[in-house]
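K.L.:
Protein chains in written order, with my numbering: chain D, 1138 to 1522; chain C, 1138 to 1522; chain G, 1138 to 1522; chain U, 1138 to 1522. Yeah, the Cβ is synthetic: ideal placement off N, Cα and C, and Gly gets one too. Here it is, the structure, as structure tokens.
Below is the structure:
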């Protein structure tokens, strides 16, 4: 039986978090309600909390917000038509099904949606995404994952979680889909001395959850040596557990030149075929470019927020090595299904579920965020029930 | 100290095998001698034994032959200049180094060598490859791996085996390099609903050593479900051990239509995104094409020998599903190094070395070939010492 | 002012054509009406007339049919919402705009529409396309281009014709979009001795309108030598006018082996990097494959109809040359806009409009079809007004 | 009959040019001598003259130098073995043949030559290329094109000029091969809303000879609108003659923001799918990135010389639009042959030969360089005879 009220964490403005109650909404034939099992804290959430978030194309954050765009839960109600088309691959849906929310909304009717395959670059719904792009001030309010329930609007999509995928793995789907989509663009270059393929070496700059999932994706696609860089021991240890062969602690090797030298040393003097930026920090770009091999690829994945300019020498850092730079901002919705399939097939070996290191109740919002910001954590998630 | 004579298995004509002795050769500044540790029996060797081998562009087999083009061994002598350039990646070489022979010879001076990256499509050296393309009747004779020593001519290349790669894995390098090169061409299509990427389903037709290595390569690149087909229980069991999720025993499911139905059933009605022919049998082609999904890829790897024509319906089997068919005949020499790197990184998980199920002395040539032909074996290899 | 009745050619069953009148329909906010300026006769129409058409996935032709899926015309009425989203690139539409009809219907909600970029492989609307997949027996009847007006259903799309594109060029958009989509898949392989790029040689088998547009697309992408094959002088002459360097008259060179020899001779003994099937005839496949160079590409575009099996030798024709075979069935709807742009930019040089050689009134249906079937014509079109 | 002495322009140090005489050399079986017909002045030559040249990987310029790496001429003598393998595509060569010099030397024996297809990234011969990387102080001296004769060392390659290609076109081969190689890497991305394909819009920053050849390559591959930017009227007028649809005079529109706005306006508000840097100036990079569309490509071709750092905002300029940046430094030697084929096929339409606007005698070295530096010229070349 449906409850009368729904508890949710609300961020009324940057730096503030409070638990509020909203009326339990009712659905129509095109919408659905999910009972949240887990909802992650993402880097974007931290930026928003710090007042830094900008949305694509300058859209403002629409406070008050119920944060949380990484969401796995159980369908409790779903409209007749939604049950037929809401699943990304058109699988039928029914109450009781475990699903992941596709957080970005595409209208499918603008130039970008019509021309760009699967990526959330909708011109109409600029910045409209669950957890930071839809305000909770208007009914039915429940547009974020840090809550007991989420309301799924008709334009949103869900990805059905296959049997055997732990809920702690499923909550990573949205984030894993970023490297999935990115590697798709990079391995398209795996031809003839160009780009990245199995056996090639990979550097990952920054081992937060995104960096860790890139390490996993590199391992899943047969990477050669994987070198991870971070400031934090906790994270570098997890990098090793999940497949990094070498780690460079930036708190110890403080000179950028030394770190570049180390990467060159570890890669036979040539640099890595693929270097992945997962830091969100502009300074990582010139350092990373210097770690790329001749004809190698630099992949930008972490720079979601405008953190300012950086000086680069385009001749020495890019031109002189015939490099390719690819930026992947978000993920295709098609990759959600592929990532869930990867979790199903490989969770016994890769243990995606162990990427979630901390779970909190909604009432522990402050502590959860502190933990997520502390760096002695990997993925932190809310578990409302 | 160098021996005076070298023992080798000679195939004077199809169906015959005998052990002969040849004088131990001397090198010049551009050549080298390898002491063979292991040399595999390949499908091509079996075809040659049965008198079926044809070479690319109709070159005749140059009997008498010392068979064996899958070779791992130790450098015992190497010329000054060869020590600097004979390694595929220009690593320096010296006596005592373990190396894999790159069996095909490229002249680098013909139109094909100049234009086609790394593949053995040399116009001058048509069919000139160790183990079946260079006769042993002329000195220095030792142009095949089923021998105590192999003579490495200046135009040939060697791949250095990294520490930690078991010799039983290294002997698979040449064969693993085929799916490596093939997946490079296929994953180039991993874009936007086309071709194959991580999480996609794969069918492997035929689980001889080549099929098994394709299963391994699919697993190393993050395949979704892998379905293996063969007539032989022994092989299907190995397929499962190495990562196949489902096996179809063709001795039990004798109807092609039934097998196609089964693959469709296992792939949600859609067929597999990638179907790989590793049978050498033309009839596999139409059956395999029927197992391919919309916009999927059919990869031909096993049809080295002309085994005749087959009827296909190009409209229904290819056109109606927007399919891509890619044939990969051989491997780039660049892929040797990548495959050895993969073995180094993943042998603890994948156990490449267990693909070699039987080893024989040179004197056991007949028994070795019988075993290789029996199907209750996977890779069979000669161990001369 | 809207007329009361609309004239249209109806094919009640194969081989029959008659002019009927239908009531002029009314639109709603999601639909539109086009006044037809030109509507082409396509190979599919000829097959349907001969009773041969099969639709993708075996869907039956839904007689009675108003044929015609190549349609250019003027919007006379358009609903409020349709005016905002019906154009493929979300350009606003209004009465008086010249548009091309996107003939195939995608639901955007099935697995195929969600995963396959732009191609008409919808699982729900199998075979639902204007001119052969929607019967005219139910209101509003006007689902084909050989008519005074066409009714555009909400799920259909229109492509706005830029100023300066002659109506005789615009009517080719749907057909030109096939090679456009095909070359997109082929030039993705233009890397490193593989596939086709500027300066490479192209063979086009069959110079009907589809073949001619492939010659144009090859020329527009910088092809080297273009060799065209056909039985008909009229067509080979047009091939030359539109950019073929060499023509082979199959009525004169009757032996397949001779034709292959000729192509080899014209390509320096190597065969063409790209051979394109535009014949609809299975026998073209083995002949065309024999014309492909090492690492070249065979592109199947013309085999829309199941015309039976053909014998091929997969080892000699595909494997021994490391060939790629790509089938392109239809076109992405995104390519409509690109093709119209190409017509705008290049019509002064390429004269797309001259591909239309004959125009007929609706009352001349029999004569029009006879002309189209005669081979002494290129694109034949109806001009209802 | 061979002369006793050969006249050549020598650059003993930056800023100096003088005509000297060298003894006419003799060949061996692996070398050749070319009688120079035309030799171009390239941007690199201008940089070297100004003392700015750095070579790849910091190799110093090896003064004294005979400049000139763009060379077309006639073979006057060629060794027996050279006549068989010196042509890039292994065409036989003989005295009297017109050839283009492949100016960069690959050893084919280092890691880079073995792994990187065709590009001049040899590790052994760093900076060893005709016209700036081999000093003329040692015999046989003639290692640059601004001379009556050039000596071709065994490791160098020649490209045979097909009949019908004017010598003024052939002299552009080396330079045209840069955009040819670049477009090969870019069109590999022509898939599904990514990268560049026919009908897409192109911006070219800087219309020196390299920029002009990029305009030509864009037109040859079916570009949509082409927008050219430069400071000089003379060059913008040539841009228009060779296919630019719009030009932006940077001397008139001095504000970078205004220029970006103009490009956005001309491209329907979206920016161009492909923006090409042909300026050699770091400031062009952020401006050009701002002109790139969502999922578009920025191609760096002109930054051969380290001209310092530039500030960019990697989030706004690259990440927020999912852009790809590709740097192409030099060209594959395989592209020489393709470019000569393009000249043969298209010179009647494109008039490559008209890109050469000025020719000078060797004695006019100072005037020639002044003309090349003046900007009221396009390609300037020496015509020694």
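Going along the segment 1449 to 1463 of chain D in order, which residues come within less than 8 Å of chain U, judged by CB to CB distance?
P.N.:
Cβ contacts with chain U: 1449, 1450, 1451, 1452, 1453, 1455, 1456, 1457, 1458, 1459, 1460, 1461, 1462, 1463.
K.L.:
Go to residue 1389 of chain G, then tell me how far its alpha helix (DSSP H) extends in each direction, as first and last residue.
P.N.:
Counting along the chain, residue 1389 of chain G falls outside any alpha helix (DSSP H), and DSSP gives it neither H nor E.
K.L.:
Report buried or exposed for residue 1528 of chain G, applying the criterion of at least 16 other Cβ atoms within 10 angstroms of its Cβ.
P.N.:
Residue 1528 of chain G is absent from the model: chain G starts at 1138 and stops at 1522.
K.L.:
Can you confirm whether residue 1222 of chain U, when its beta carbon is compared against all beta carbons of chain A, has any partner nearer than 7 Å?
P.N.:
Looking at the structure shown, chain A is missing, and the protein chains on hand are D, C, G and U.
K.L.:
Just checking my contact of residue 1281 of chain C with residue 1267 of chain C at CB under 8 Å: how many whole Å lie between their CB atoms?
P.N.:
Yes, they are in contact, since the Cβ atoms of residue 1281 of chain C and residue 1267 of chain C sit about 6 Å apart, within 8 Å.
K.L.:
At a cut of 8 Å, does the segment 1290 to 1300 of chain D reach the segment 1389 to 1396 of chain D through at least three beta carbon pairs?
P.N.:
No, they do not touch.
K.L.:
Compare the beta carbon distance of residue 1421 of chain U and residue 1340 of chain U with 7 Å and say whether it is the shorter of the two.
P.N.:
Not closer than 7 Å, so no.
K.L.:
Just mark residue 1284 of chain C as buried or exposed, buried being the case when its beta carbon has 16 or more other beta carbons within 10 Å.
P.N.:
Under this definition residue 1284 of chain C is a buried residue.
K.L.:
Does DSSP classify residue 1360 of chain G as helix, strand or coil?
P.N.:
Three-state DSSP puts residue 1360 of chain G in coil, outside helix and strand.
K.L.:
Examine chain G for any beta-carbon lying closer than 7 Å to the beta-carbon of residue 1404 of chain U, and answer yes or no.
P.N.:
No, its Cβ sits nowhere closer than 7 Å to a Cβ of chain G.
K.L.:
Near residue 1521 of chain C, what residues of its chain come up, given a Cβ to Cβ distance below 6 Å and the 5 sequence neighbours on each side ignored?
P.N.:
Closer than 6 Å at Cβ, skipping near neighbours: 1173, 1285, 1499.
K.L.:
In three-state terms, what does DSSP make of residue 1171 of chain U?
P.N.:
In the structure shown, residue 1171 of chain U sits in a strand (DSSP, three-state: E or B).
K.L.:
Cutting at 7 Å between CB atoms, please list the residues of its own chain near residue 1259 of chain D, excluding the five before and the five after it.
P.N.:
Only 1242, 1243, 1244, 1247, 1249, 1250 meet the Cβ criterion.
K.L.:
If you check the beta carbons only, do residue 1166 of chain C and residue 1217 of chain C fall under 7 Å apart?
P.N.:
Contact flag set, yes.
K.L.:
Let me know if residue 1424 of chain G comes out buried or exposed under the rule of 16 or more other beta-carbons within 10 Å of its beta-carbon.
P.N.:
With 16 or more Cβ atoms within 10 Å of its Cβ, residue 1424 of chain G is classed as buried.
K.L.:
When the Cα of residue 1348 of chain D is compared with those of D:1143, D:1373, D:1220, which residue comes out closest?
P.N.:
For residue 1348 of chain D, the nearest C-alpha among the options comes from D:1373.
K.L.:
In chain U, which residues lie less than 7 Å from residue 1227 of chain C when you measure between Cβ atoms?
P.N.:
Correct list: 1246, 1247, 1248, 1251.
K.L.:
Given a cut-off of 7 Å, decide if residue 1519 of chain G and residue 1497 of chain G are closer than it, judged by their beta-carbon atoms.
P.N.:
In contact: residue 1497 of chain G and residue 1519 of chain G (Cβ atoms closer than 7 Å).
K.L.:
May I have the straight-line CA-CA distance separating residue 1220 of chain G from residue 1228 of chain G, to the nearest angstrom?
P.N.:
Whole-angstrom Cα-Cα distance: 8 Å.
K.L.:
Between residue 1468 of chain C and chain U, is the shortest Cβ-Cβ distance under 7 Å, so that the two count as touching?
P.N.:
No, residue 1468 of chain C lies away from the interface with chain U (no Cβ there is under 7 Å from its Cβ).
K.L.:
For the pair the segment 1355 to 1372 of chain D and the segment 1364 to 1381 of chain C, tell me if three or more CB-CB distances fall below 8 Å.
P.N.:
Judged by Cβ distances under 8 Å, the segment 1355 to 1372 of chain D makes no contact with the segment 1364 to 1381 of chain C, as fewer than three pairs qualify.
K.L.:
On the criterion of 16 or more Cβ atoms from any shown chain inside 10 Å, does residue 1306 of chain G qualify as buried, or is it exposed?
P.N.:
Buried is the call here.
K.L.:
So if DSSP puts residue 1157 of chain C in a beta bridge, which residue, or which two residues, is it bridged to?
P.N.:
According to DSSP, which records beta bridges pairwise, residue 1157 of chain C is partnered with C:1145.
K.L.:
By DSSP's criteria, residue 1241 of chain C is part of a beta bridge. Which residues make up the other side?
P.N.:
BP columns for residue 1241 of chain C point to C:1266.
K.L.:
Which whole-angstrom value is the C-beta distance of residue 1479 of chain C and residue 1357 of chain C, which I expect to be below 8 Å?
P.N.:
So it is a contact: roughly 7 Å between Cβ atoms.
K.L.:
For residue 1401 of chain C and residue 1430 of chain C, I'd like the C-alpha separation in whole angstroms.
P.N.:
Roughly 9 Å separates the two Cα atoms.
K.L.:
Just to confirm my understanding: we take residue 1494 of chain C, look at its own chain, exclude 5 residues before and 5 after, and list those with CB closer than 6 Å. What are they?
P.N.:
Excluding residues within five positions, the ones whose Cβ falls inside 6 Å are 1514, 1515.
K.L.:
Take residue 1461 of chain G as the anchor and find which of C:1436, C:1477, C:1156, C:1470 has the nearest alpha-carbon.
P.N.:
Of C:1436, C:1477, C:1156, C:1470, the residue nearest in Cα terms is C:1436.
K.L.:
Between the C-alpha atoms of residue 1273 of chain G and residue 1187 of chain G, what's the straight-line distance to the nearest angstrom?
P.N.:
Cα to Cα, residue 1273 of chain G sits roughly 19 Å from residue 1187 of chain G.
K.L.:
Is the CB of residue 1471 of chain D under 7 Å away from at least one CB in chain G?
P.N.:
Chain G, which has a Cβ nearer than 7 Å to the Cβ of residue 1471 of chain D, makes this yes.
K.L.:
DSSP on residue 1470 of chain D, reduced to helix/strand/coil?
P.N.:
Correct three-state label for residue 1470 of chain D: coil.
K.L.:
Residue 1332 of chain D and residue 1323 of chain D: beta carbons closer than 7 Å?
P.N.:
Yes, the pair counts as a contact, with Cβ atoms nearer than the cut-off.
K.L.:
Verify the CB distance criterion: does residue 1335 of chain C have a CB-CB separation below 7 Å to chain D?
P.N.:
True, the Cβ-Cβ gap to chain D drops below 7 Å.
K.L.:
So what's residue 1368 of chain G in DSSP terms, helix, strand or just coil?
P.N.:
DSSP places residue 1368 of chain G in coil when its eight states are reduced to three.
K.L.:
Check the Cβ-Cβ distances between residue 1444 of chain U and every residue of chain G, and say whether any is below 7 Å.
P.N.:
Residue 1444 of chain U does not count as touching chain G.
K.L.:
Excluding the five sequence neighbours on either side, which residues of its own chain have a C-beta within less than 7 Å of the C-beta of residue 1204 of chain C, listed in chain order?
P.N.:
Excluding residues within five positions, the ones whose Cβ falls inside 7 Å are 1146, 1148, 1182, 1185, 1268, 1269, 1281, 1283.
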